[in-house]
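Presented below is the structure to which this report refers.
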């Protein structure tokens, strides 16, 4: 969702109204006790009592719910099959323990499934978060939550925040845009939907391709997956999510959250949503430029956030009526831009965590009017979605409160009573579009979630469908606002994207005076220069970022509908795959990002990797890229889907700010000899790659105890009979060549409850090692074995034990050199983990983690 309305002002209040004394008072105690903050605001309560017109006893329930602490909630992530396994573990191992806990003399309510969430994969509990974190009887459950969150199996997310992606109805194969995506909880849901059934489809294809119906390449396949949906690319997902945020730092929070899903179908961009650029794709006609139109768009926009009062309790004292007024136009511009980029027949969701109709129904009203009415954009009835979810219909009539707290019934009343004092309008910047228009829009189809209905936060959601292309009306054609001098003018307020705490963020402990980055104020409005369907025109040499004309074209054989245009203002020619994306000097508008450069399929490194791992010919070799200006593999090689590749290449030099794309597939590793491939498979790429690796580079593990030993021990020895302690893996490791291989875990008859998975394994001269970061090892130990064992680096222990002793002979010297190389492998894995790790519990609170990652010290130190 969006962020609080701070604009370009100093201070952290809704309008920057923090004087020095107030800043000093709160700064004296940086552990401000928000629990003791009075949960009342007379102006806020009076406004919504009059606006919502709830019955007396329901009104009391409404405000009582807002004054209670919000339940803890989380959902199980990833494929349905894997998520169900982790959920089953919680039900069988942890919930029975929680039911026996008492806190302050009262029994604790265990987590319960959210009844309306599909497959019951979302859960919540009323026990306060600080109790779960710090009360000793919850220690095991807390460790489970932290561990599974760190590896991406659980997402901490407010329940109402889960609704917008669910009603968006995303299917595999679709192109999806999340316009205001950080910190990424909703984007994670969207990305999971794009990959639904992928493992089953790939497994089915590989069986049919190999002719071996007994083969199973999928780790955990969900039951009932549709094998025909999105099956074109050998079962691999062809859809895509573009996750965008206007703030660069938040984009990297977004990257960290989404990288846990290891999707090659993801792009992260850094743009103001009101001015989101058209995304070019390859065109079948060399005389026209094709632009991407999206199947689904989520616009979870910046808003005042008064629906988050339960979580962000400081809003009780900081809320002012002007918060919503300053965001209305920005929200409308985001919605109009989203509708322009949507396919005909495509759907989008507009949502806020505000209860104010100025940010909700009035925005829908204004945007549909700008887009040409219900002939072009329809409001869909979603009352049949998510059975069991209690909701209220959208409002047809409402009043508007100006920044002074005065309530206005309609725009005519404002025009008739313009008051000016000391050169300033007493009405504030009210706009005609903030009031009901009088048109018969079916606004009752919007969805309002109130806190007392099901113990949630407040939320607004509406599903829109594009019925026809349109050219949006310019904002100058709309009725005006009341500016400072009291005269009615065209509606042209500052488009600075408001900043407010999202519903899935926790503002406790954040500095009140922090000023967020804004962009829109530095750029013109998007109203006239992003229209999508003008007639084709001659190409010119104007910059590409202000392209005007786009027409709809059906792209075959993929049947991916796109928007095409001859562009009245043209970009540079589409580059070939060896051309870097984002090439050039650091841009003034944002931090420098390394370019995306794709490697040709016949590149020497790609050929050597293919030959070493014996890749199937069915695996595409033209989707690997690197991120450096030279365009040569140096440290890492990434993999993307075909559509992501086409977009990254086609938009080179067009000013599209790409922050992230693809999955890290290979990492550079010192090889012990020339015959060994110097590129090891990265753990996040294993899900994509392992089914295509030849049997020559696969080791099978069947016994739980062998897996336990490999997780706890780093570099267990093969020499001097050490391989015998590794069972079936030790025996196979003696026969396989040096370097990286796939460890495929196939449960044997005695361990049928063990997860099926594939992990990267490194074999050196004297030992083997699972190439996993420490947190992944610890999470697997806890999940599979219910253990929190200390991890042992056997190579490091040997060095310490032999410190000070003389080592003689070539054999001893070679052994030492080998151990140094082994330790460098550990250091590389842990360094990668540390570089990518951030504390990102949904809600902004820092995750409590166990020990620091293991660091391998050189034996030369």
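In my numbering, the protein residues as written are 18 to 878. Glycine included, every Cβ here is placed at the ideal spot set by N, Cα and C.
Query                                                                                                                                     : Result
Rounded Cβ spacing between residue 680 and residue 717 (contact assumed at less than 8 angstroms)                                         : Incorrect: roughly 25 angstroms between the Cβ atoms, too far for contact.
Minimum C-alpha distance to residue 644 - residue among 311, 613 and 636                                                                  : 613
Own chain partners of residue 345 with C-beta closer than 6 angstroms, once the 5 adjacent residues on each side are dropped              : 375 and 451
Status (buried if at least 16 other CB within 10 Å, exposed otherwise) for residue 60                                                     : exposed
Own chain, CB closer than 6 angstroms to residue 742, minus 5 neighbours either side, in chain order                                      : none
Length of the line joining the Cα atoms of residue 618 and residue 642                                                                    : 10 angstroms
Span of the beta strand (DSSP E), counted from its first residue to its last, around residue 654                                          : 653 to 656
Exposed unless 16 or more other CB atoms sit within 10 angstroms - verdict on residue 204                                                 : buried
Residues near residue 154 in its chain [Cβ-Cβ closer than 6 angstroms; skip 5 each side]                                                  : 118
Residue from 794, 730 and 274 whose Cα sits closest to the Cα of residue 810                                                              : 730
Supposed contact pair residue 298 and residue 664 - C-beta distance, whole angstroms, cut 8 angstroms                                     : 6 angstroms
Residue 647, buried or exposed, once every other Cβ within 10 Å from all chains shown has been counted against 16                         : exposed
Among 482, 152 and 628, the one whose alpha carbon lies nearest that of residue 185                                                       : 482
Residue 324 vs residue 476 beta-carbon contact at 8 angstroms                                                                             : yes
Buried/exposed call for residue 615, threshold 16 Cβ in 10 Å                                                                              : buried
Distance between residue 282 and residue 338 (C-alpha atoms, nearest Å)                                                                   : 41 angstroms
Close beta carbons around residue 258, own chain, < 7 angstroms, minus the five adjacent residues each side                               : 193, 195, 204, 207, 208, 211, 282 and 283
Counted within 10 angstroms of its Cβ, other Cβ atoms place residue 100 as buried (16 or more) or exposed                                 : buried
Nearest residue (CA-CA) to residue 320, options 377, 706 and 752                                                                          : 377
Residue span of the beta strand (DSSP E) that contains residue 331, given as start and end                                                : Careful: residue 331 lies outside any beta strand (DSSP E) and carries neither H nor E.
When 71, 278, 713 and 78 are compared against residue 166, the one with the closest alpha-carbon                                          : 278
Beta-carbon proximity list for residue 122, same chain, < 6 angstroms, skipping 5 on both sides                                           : none
Chain-order list of residues whose beta-carbon lies under 6 angstroms from that of residue 267 (same chain, five-residue window excluded) : 199
Neighbour-count burial assignment, residue 244, 16 or more Cβ in a 10 Å radius                                                            : exposed
Beta carbon of residue 356 nearer than 8 angstroms to that of residue 388                                                                 : yes
Cβ distance (whole Å) where residue 777 is taken to contact residue 759 below 8 angstroms                                                 : 7 angstroms
Residue closest to residue 608, alpha-carbon to alpha-carbon, out of 287, 690 and 362                                                     : 287
Inter-residue CB distance, residue 756 and residue 693 (contact presumed, cutoff 8 angstroms)                                             : 4 angstroms
One or two residues paired with residue 730 in a DSSP bridge                                                                              : 809
Per DSSP, the bridge partner or partners of residue 313                                                                                   : 193 and 364
According to DSSP, residues forming a beta bridge with residue 684                                                                        : 653 and 697
Collapsed DSSP secondary structure at residue 123 in the structure displayed                                                              : strand
Proximity of residue 139 and residue 176 at Cβ, strictly below 8 angstroms                                                                : yes
Closest Cα partner of residue 657 within the set 76, 683 and 672                                                                          : 683
Complete alpha helix (DSSP H) runs within the segment 135 to 212 (minimum length 4 residues, chain order)                                 : 146 to 151, 156 to 167, 180 to 185 and 202 to 211
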